[in-house]
Amino acid sequence: MSETSHASEPQTAANGARQINDFCINVATANGTGSQTSNIALLRAMFRMGIPVAGKNLFPSNIQGLPTWYNIRLSKAGHIAHRDVAEILVAMNPKTVAEDLTKVPSGGVIFYDTALPVKEDREDVVYYAMPVKDMVKSMSVAPNLREYIANMVYVGVVAELLGIEMEMLRSALDTHFSGKKKAVDLNMQMIEMAAEHTRNNLPKRDPYWIERIEGGNKDLLLVEGNAAGALGSVYGGVNVVAWYPITPATSLADGLNEYLPQLRRTSEGKSTYAVIQAEDELAAIGMCVGAGWAGARSMTSTSGPGISLMAEFAGLAYQAEIPTVVWDIQRVGPSTGLPTRTSQGDLGFTYQLGHGDSRHIILLPANPAECFEFGYKALDLAEQFQTPVFVLSDLDLGMNLWMSKPFVYPETPMNRGKVLTAEQLEALNGNWGRYADVDGDGIPYRTLPGTNHPAAGYFTRGTGHNDKAAYSERPEDWEGNLQRLRRKFNTARKHVPKPELTQQDGGSFGLISFGTNHNAIIEAMEMLKADGHVCDYLRIRALPATAEVGEFIEKYDRVYVIENNFDGQMHGILLQDNPSHATRLASLSRQNGMPLSAIWLHEQIKAAHERFTKALA
Amino acid sequence: MSETSHASEPQTAANGARQINDFCINVATANGTGSQTSNIALLRAMFRMGIPVAGKNLFPSNIQGLPTWYNIRLSKAGHIAHRDVAEILVAMNPKTVAEDLTKVPSGGVIFYDTALPVKEDREDVVYYAMPVKDMVKSMSVAPNLREYIANMVYVGVVAELLGIEMEMLRSALDTHFSGKKKAVDLNMQMIEMAAEHTRNNLPKRDPYWIERIEGGNKDLLLVEGNAAGALGSVYGGVNVVAWYPITPATSLADGLNEYLPQLRRTSEGKSTYAVIQAEDELAAIGMCVGAGWAGARSMTSTSGPGISLMAEFAGLAYQAEIPTVVWDIQRVGPSTGLPTRTSQGDLGFTYQLGHGDSRHIILLPANPAECFEFGYKALDLAEQFQTPVFVLSDLDLGMNLWMSKPFVYPETPMNRGKVLTAEQLEALNGNWGRYADVDGDGIPYRTLPGTNHPAAGYFTRGTGHNDKAAYSERPEDWEGNLQRLRRKFNTARKHVPKPELTQQDGGSFGLISFGTNHNAIIEAMEMLKADGHVCDYLRIRALPATAEVGEFIEKYDRVYVIENNFDGQMHGILLQDNPSHATRLASLSRQNGMPLSAIWLHEQIKAAHERFTKALA
Amino acid sequence: MSDVTNTKAAKTNNIGLEKNDYKGLPSTLCKGCGHDSVSARIINVAYDMGLPPHRTIKISGIGCSSKSPAYFLGRSHSFNALHGRMPSVATGAMAAHRDLLTIGISGDGDTASIGLGQFKHLLRRNVPMLYIVENNGVYGLTKGQFSATADEGQTLKYAGVNELPPIDICLEAIVGNCGFVARSFAGDPRQVETLLKAAISYKGTAVIDIISPCVTFNNHLSSTKSYPFGKDHEIQLQELSYIPHYEEITIDEYDDGTRKKVQLHDGSWITLKKLEKGHDPTDFGQAVNILQEAQSKKELITGLIYINNNYKDLHSVLGTVDQPISSLQEKDLRPSRESLEDIMAGMR
Amino acid sequence: MSDVTNTKAAKTNNIGLEKNDYKGLPSTLCKGCGHDSVSARIINVAYDMGLPPHRTIKISGIGCSSKSPAYFLGRSHSFNALHGRMPSVATGAMAAHRDLLTIGISGDGDTASIGLGQFKHLLRRNVPMLYIVENNGVYGLTKGQFSATADEGQTLKYAGVNELPPIDICLEAIVGNCGFVARSFAGDPRQVETLLKAAISYKGTAVIDIISPCVTFNNHLSSTKSYPFGKDHEIQLQELSYIPHYEEITIDEYDDGTRKKVQLHDGSWITLKKLEKGHDPTDFGQAVNILQEAQSKKELITGLIYINNNYKDLHSVLGTVDQPISSLQEKDLRPSRESLEDIMAGMR
Ligand SMILES: Cc1ncc(C[n+]2csc(CCOP(=O)(O)OP(=O)(O)O)c2C)c(N)n1
Ligand SMILES: Cc1ncc(C[n+]2csc(CCOP(=O)(O)OP(=O)(O)O)c2C)c(N)n1
Ligand code: SF4
Ligand code: SF4
Ligand SMILES: [Mg+2]
Ligand SMILES: [Mg+2]
């Protein structure tokens, strides 16, 4: 990590120095105007120039006409966390322009559509006026295409002034339109016209530059978490998918609907999978449970409201020990909440989803490569442990394009778990108990419907049962089963993905977090280090927490548990796991719909830790 | 509390002394044979003789033919907790007799139907053979009544030999059959015939006696928790009830259906309430939320599976701030679990019911008088705090007959919460914000539909909103609202029912528990005291935990949190509330479908505390 | 009580309110969305009928359609509930307050997919209310998946071909013992307003299934008809990033018994058929058959399809007092101290 | 593979199994419960048709009815799922394993109350399976509340008078695009078995609504007919503590087109009417009308009411491979390493 760049502090142009590849661009438009194409083209072009970039789409829960912001961060140090401050504003939305303008820091730059009521009255910023309407008019294009094409104007202007390569824009659009040449040409024509206008009329007056980094972003992908998760599931052999549309999980199902037909049809064009759009989430998980029971690798994707509706089936699958996978792309709750904002607020609820005493395995991806990895691992774990496995991603990860390490093809064969075949049953003389703990790991053996042996059939139920799956109300049977389930859960502790440790020389306190907070934490750690606060960081990748987590906590007098929710839910879970270290654990959580930022984290951790050390002294 | 009686230890007759009013009777029958009438008659007759009694019905999840046990405890010291050991067995069920016999302790007594394969081969017990069939035959009764009447035989035999007064049996049956004389007579005839047969043929050979206690049970009621809860709700003015049948919650709705028509019809016979049997639990709570929003005092009753299905609506009601009351008569989960066994396993899940960050007010009754009290208090709290309030009772409390203190008529007027009338709106010039925290307690003002003022209407939603109830995706609005909701929750901390403290001289450690564990704890404390372990006990009556809970924990080096669930859910909640005292808190929980027993608690606490003190030393 | 004061005397209705008093917030739906036409109709009818805003409530589920209560009758209480759960919330509200006129707004996904069970059970209870389905055959708010009312064989840009038979909301309503079942088209102001007025006067659940095209997601990729956007440029946006602005579709009057073909924004056509003058809406069999036939001909019957005034409504089944239950206060709700003593006496 | 060995050669069917091989555990339902009759019918039919137990699965919801899969076909896999959710579980299982014969068992509460939405959507997908509703008009397992199929005006001992109209499962099925809809009476062995065999041969969802009296809770307190228990003694148990034992009701053959009155255990009567010989079960309109008429006459039409072989079933819509998806192994399920490289190339 670079120690000199504090990318989170706004860069001022006051000193006149060139600011290269290290600032943010905020594009303010309205939903449904087509600006997504422009923004992604910009992002992808910069990515292909080798520059570390991150794009964040802040969109409303609406289809057309409401404010939308697209935030692009360039960071030569590779920081891709959300940053609140953008040096460069592209103002295209009359409804938000007044407030947008106030947010531009001193030394910043404002590109604006001349149709907007912008008075060039600030001394501390640079203005570039873009006569969008005129430029669009000067291009002979069907009237119904005008508004759409209008957004290419700012692409051209910004590219010209900041130094984004035209060829990279073309290649980005080529990818975007899957090579449809007419579409690419039309858009490029507008971009180039705008660039030309800029060359002729708008001399560069700001210090921000985008410069190609040779060899930068080599091997990296630019991909959304949901697409990665879908792909990982496909390589994990998912074969029954049932889902119900909900933002921000829909694009995971979309990904499956895109990749499955491509990758999983036989030569005769038949599908090795079934995808069913269910009538609601209750039915979606019901189908997954039915399919998992019948031997399929099943999954569903949803978000908060769906998780609430799935509670009863989650409990059934836990109790009857049926594998299935549920992706929760978290958005802000409680209730319908903010459907288009990000959160980690379902963690605590999902961990114990269902009435009574249940506990679920949860995977916590932090980046697209991990979404891919957990895509297949979740299916493995579900069958290995015969239980529902939840993957808790979030809107930020799922719906934004991220730079990502390449996906690693699964290293091990699929784990189909303990399934007895007819031959094995025969060898056992048919003596087996569906819920017997033969191996001492709490994991029983199951048979699949269709197994041709007279002893294969058993009765699956959510009610109390004994080892042989017979209905039982005996206290011993119930308690024994709960204990075995807990044993199984503790076995899972050893098999779920281990946490990732980031250690620094002389780290004197700890941070624990999970998921997409990662990038902001890494950046905040640098900022803290500059202040003399050196800390270590453990990123939990799954629940139940593995032994490493307790060991990490034990090492420090103080460990901050960082979360993007209000209640400090992971903190609560860790308290229960480690009551004897409770006083070491401090919760640092926040929920306002935005990803945590490094600046906020830096402030909070610094203040909290200074209070703590003072109290100690 | 008596210090000499250790009622939990089986009484042996070895010393030949009379055992008076201090033993257990276990009646083993089959479901649907009518034995409930017999058992309750026995229980009520003893109750009316002034003897402290407790009856527990262990019934299967089935309608007819499966084993059922009815356990009656007599305790002169007034202990009414569940006790595993019964000195006296009444064996009427051929299917379970073999195992039932083995459970009779040395010194015990066995009444058995001669049709059962009982060999009188134990030396350490007393046998009484009951020729049930013959006795029934000798009474001229329609054949279809024979099986039913058969159960009165053991009533007569047991009454005669133990000393239950015939007049009290008659009065008990009179209550049972609401004074229907023919029914009472028919049953009494059989009882008296059996008593006579006993006098003539079965000389008393055991030391157990039931003797009237003059003035005993004065003022006390014999009532089920669910009936008490229903009645409390009626006096709380409940006026919209929506429910869906589920064991063990159905009898609460039954109670409402019984008492409401009695108590809440106008002189013209019109109802001041609406009771709707919904099509499922999702609809039941939906109706309650709609009604609460429209200004009704609404409630529903359910059990675990229903709680799971209510998760999404619970989150909506929390977020949109709508009052309603949900009774959860807990049974054993996860999943369908053991529908006819008791549990406290929904606590943790309900506390945070709904995805995202929600927290609910929970009331935790321990006895029928408290069910009555919480019946009206829940409705008050719901309207006061504009939020769903959950009352977590359990099967043991809800469906069994308990001795109970009389119900206390509500001492304060109904609290209808902060509702603005048209006049008040006018005085405010229509300036009000539905979600504004005017009073600093986090509780906003609402208006009801139908309020005749142009400014009364507002838009209710589960999505993000600002103070004026307008849709908002602004981070500040979301965060501000969560903070206000937390403020409201903390205000509730001061208004929910306070815990009940049981303090002993020199108490050196603490117990914390809630609900029906109470009786076993009181008894176990006596047993512990006899061993030299003197402790204090705090019974939590509501969540969020009030200040007293933290103060109690602070007072002791060690506090055992006692629960009838597997995960130690209250322990988890208290850890989060009191992380700095985490090491003082030890979890002591169990879940096998049975109420906790004093014997088990005594053993466990003793062992744990001896380990603890040894480790300290 | 004060009211909105106006300097210029604007036109008022029979309870002295202006049209403006029935409006809501500016719509945030897509330009040209059929749902906005429905809102406009409701505003007109409420104004014309002089509905007191404080006696009207609006309840909806989740979806573009379910958002629309924000865009009309801004003075009335409104509850945007959960996806598919408007029926239970409306039932509870009506049980609590019998004097309110309840306008339920739902979508086809909201009512026919996730909400089908609640919809049918609301009908069974005959909760007195106006139940409007703004039916576009897609999930608008989640961007264009098929709903359960989508036609068999219909093609959507993102969702492919629908191979499942549609759920006919009117047929479901009739079979489900609903006593007022009508269908119309959002762009037929006269018919929609007439039906709305009739429905508001009906005592019981009145269902109006309003075909309300989604301008944004009802695009037929494989359609042979002209594709609205950039056909000649062969541009297909990869994600739904650009949404053109359309005008709402409005059709002219057409006669009873005749058909009217309507072109939607994507160039595709639907055929409306107004019920024959002779249609007897009190005939259950005829109503069912007419719908069944229309479905096989891929026509949409419009008009009042079925009416039955004999079903008992929720309130008469409940036997509640005449005033709203929610207006009752302690004296009516809390029985006397003595009554409690009496009851306890029976428990001793 | 070994099989149950028997010393005495018992009668076997065409796949060499005995009747015993199709039995289940002893029933724990009330003596005389109609559901046990249905189990007996299924055992007979499975034996007669030589169904391979390992190729048959049983899925149910929650209720007395839903317990009954424990009492037949003990060798087959069975799944007692959640209340009202059998349809989704069955859909998932069938999607996973197309070669299985699925027998779904549900109750009227399970299907028509909590499960109505899933039921209708299962029909819409035409999931190939036999869907049996053991319809008694009450919630048996929770002790006698009205279900949504209870007749209007019916009186139950604990629940009072039902004032809501019934949901007709057959009507709902027909309107919901189900291609095999039949009704019978649990005590009519011949008709039930005939219908079961036909249903098992049907490709798609086959619904049989079997009237299956609840001997314990279908007691009419206010009934003028003789009350089964202790009428002359005026005994009424306060709680449901005593349940008399009854014999299952069995009726004799009766002719097509004729009516048969059947007395239930509580002395009340129901009227069954066997479909006319001339009934054309392929006629949608006729099927609907016949049900509607019967309902108004308080008769129960029995027989195969509607059949339609033209609906596409789940598997053809899904276009899946011929073998069961759940039998596919890694080589079929995990695409190649190269394919992943290709896809990633497009993401750079
Ligand atoms: C429980 C739940 N699941 C899914 C969603 C996501 N969702 C929002 S609107 C919608 C569909 C709306 O379709 P429709 O009712 O037809 O309304 P339209 O937008 O077409 O008017 C869905 C699935 C949700 N809000 N809640
Ligand atoms: C979610 C949920 N709610 C309620 C119940 C309680 N419950 C069990 S069976 C049943 C009704 C069964 O009625 P029906 O389906 O008609 O079956 P029957 O017992 O009459 O055969 C109910 C409500 C449950 N198990 N789960
Ligand atoms: S997406 Fe469709 S339904 Fe939604 S607002 Fe736009 S046009 Fe209307
Ligand atoms: S209660 Fe009714 S449905 Fe249940 S087993 Fe008994 S007779 Fe059958
Ligand atoms: Mg729609
Ligand atoms: Mg039933």
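Chains C, H, A and L supply the protein sequences, listed in that same order.
Numbered continuously in our numbering, the first sequence closes out at residue 617.
Numbered continuously in our numbering, the second sequence closes out at residue 1234.
Numbered continuously in our numbering, the third sequence closes out at residue 1582.
Numbered continuously in our numbering, the fourth sequence closes out at residue 1930.
Here a beta-carbon is modelled for each residue, glycine too, at the ideal position from N, C-alpha and C.
> If the cut is a Cβ gap below 7 Å, which residues of chain A does residue 1894 of chain L touch?
Replying inline: Near residue 1894 of chain L (Cβ distances below 7 Å), the residues of chain A are 1397.
> CA-CA distance, residue 872 of chain H and residue 844 of chain H?
Replying inline: Counting only the Cα atoms, residue 844 of chain H lies some 5 Å from residue 872 of chain H.
> On the three-state DSSP scale, how would you describe residue 272 of chain C?
Replying inline: Three-state DSSP puts residue 272 of chain C in coil, outside helix and strand.
> Roughly how many whole angstroms lie between the Cα atoms of residue 82 of chain C and residue 595 of chain C?
Replying inline: In this structure, the alpha-carbon of residue 82 of chain C lies about 6 Å from that of residue 595 of chain C.
> Looking at the unbroken beta strand (DSSP E) that takes in residue 72 of chain C, where does it start and where does it end?
Replying inline: Residue 72 of chain C -> beta strand (DSSP E) spans 67 to 75.
> What are the boundary residues of the alpha helix (DSSP H) that residue 817 of chain H is part of?
Replying inline: Bounds of the alpha helix (DSSP H) holding residue 817 of chain H are 798 to 818.
> In the segment 895 to 908 of chain H, which residues sit with their C-beta less than 9 Å from some C-beta in chain L, listed in chain order?
Replying inline: Here the close residues are 895, 896, 897, 898, 899 and 900.
> Using 8 Å as the limit for Cβ to Cβ distance, is residue 1931 of chain L near chain H?
Replying inline: Because chain L here runs from 1583 to 1930, residue 1931 of chain L falls outside it and cannot be looked at.
> To which residues of the same chain is residue 1766 of chain L closer than 6 Å at the C-beta, ignoring the five residues directly before and after it?
Replying inline: The residues are 1773, 1774, 1777, 1792 and 1884.
> Would residue 342 of chain C pass as a contact of residue 390 of chain C if the rule is Cβ separation under 8 Å?
Replying inline: Not a contact, by the Cβ cut-off of 8 Å.
>> Short of 6 Å in beta carbon distance, which residues of its chain neighbour residue 1114 of chain H, apart from the five on each side in sequence? Order them along the chain.
In response: Hits under 6 Å: 1158 and 1159.
>> According to DSSP, is residue 1828 of chain L part of a helix, a strand, or is it coil?
In response: Annotated three-state conformation of residue 1828 of chain L is coil, per DSSP.
>> Any beta carbon from chain L within less than 8 Å of residue 256 of chain C's own beta carbon?
In response: No, its Cβ sits nowhere closer than 8 Å to a Cβ of chain L.
>> Just to make sure I have the definition right: I need the residues of chain H whose C-beta is within less than 7 Å of the C-beta of residue 308 of chain C. Which are they?
In response: Chain H residues near residue 308 of chain C: 928, 929, 932, 971 and 972.
> Under a Cβ-count criterion, where at least 16 other Cβ atoms within 10 Å of its own Cβ denotes burial, should residue 1918 of chain L be classed as buried or exposed?
Replying inline: Exposed: under 16 other Cβ atoms inside 10 Å.
> Which runs of the alpha helix (DSSP H), 4 residues or longer, sit entirely within the segment 1010 to 1068 of chain H?
Replying inline: Taken in chain order, the unbroken stretches of alpha helix (DSSP H) that lie wholly in the segment 1010 to 1068 of chain H and span 4 residues or more are 1012 to 1016 and 1039 to 1044.
>> Beta-carbon within less than 7 Å of residue 1863 of chain L's beta-carbon, same chain only, minus the 5 sequence neighbours each way: which residues are those?
In response: Counting only Cβ-Cβ distances below 7 Å, and skipping sequence neighbours, we find 1869, 1886, 1887, 1888 and 1889.
>> Considering only their Cβ atoms, is the gap separating residue 1183 of chain H from residue 1129 of chain H smaller than 8 Å?
In response: Not a contact, by the Cβ cut-off of 8 Å.
> By DSSP, does residue 918 of chain H sit in helix, in strand, or in coil?
Replying inline: The answer is strand: DSSP assigns residue 918 of chain H an E or B state.
> For residue 1921 of chain L and chain A, any beta-carbon pair shorter than 8 Å?
Replying inline: So no, residue 1921 of chain L is outside the interface.
> How would the residue list near ligand 4 read, in chain order, if you kept each one whose beta-carbon is closer than 5 Å to any heavy atom?
Replying inline: Cβ-based neighbours of ligand 4 within the cut-off: H:680, L:1611, L:1612, L:1615, L:1646, L:1722, L:1796, L:1797 and L:1798.
> Closer than 9 Å, Cβ to any Cβ of chain A: which residues of the segment 50 to 68 of chain C, in chain order?
Replying inline: In summary, the residues of the segment 50 to 68 of chain C whose CB is separated from some CB of chain A by less than 9 Å are 60, 61, 62, 63, 64, 65 and 66, in the order they occur in the chain.
>> By alpha-carbon positions, which one of H:932, H:718, H:933 and H:1018 ends up nearest to residue 670 of chain H?
In response: Closest by C-alpha distance to residue 670 of chain H, out of H:932, H:718, H:933 and H:1018, is H:1018.
> residue 1000 of chain H to residue 1108 of chain H, Cα distance in whole Å?
Replying inline: Between residue 1000 of chain H and residue 1108 of chain H, the C-alpha separation is close to 14 Å.
> Which of the residues in the segment 1861 to 1874 of chain L, read from start to end, lie with their CB under 8 Å from any CB of chain B?
Replying inline: Going by chain labels, chain B is absent from the structure shown, which instead holds the protein chains C, H, A and L.
> In chain H, which residues lie less than 8 Å from residue 1555 of chain A when you measure between Cβ atoms?
Replying inline: 883, 887, 888 and 889, listed in chain order.
>> Short of 8 Å in beta carbon distance, which residues of its chain neighbour residue 441 of chain C, apart from the five on each side in sequence? Order them along the chain.
In response: Correct list, in chain order: 487, 488 and 491.
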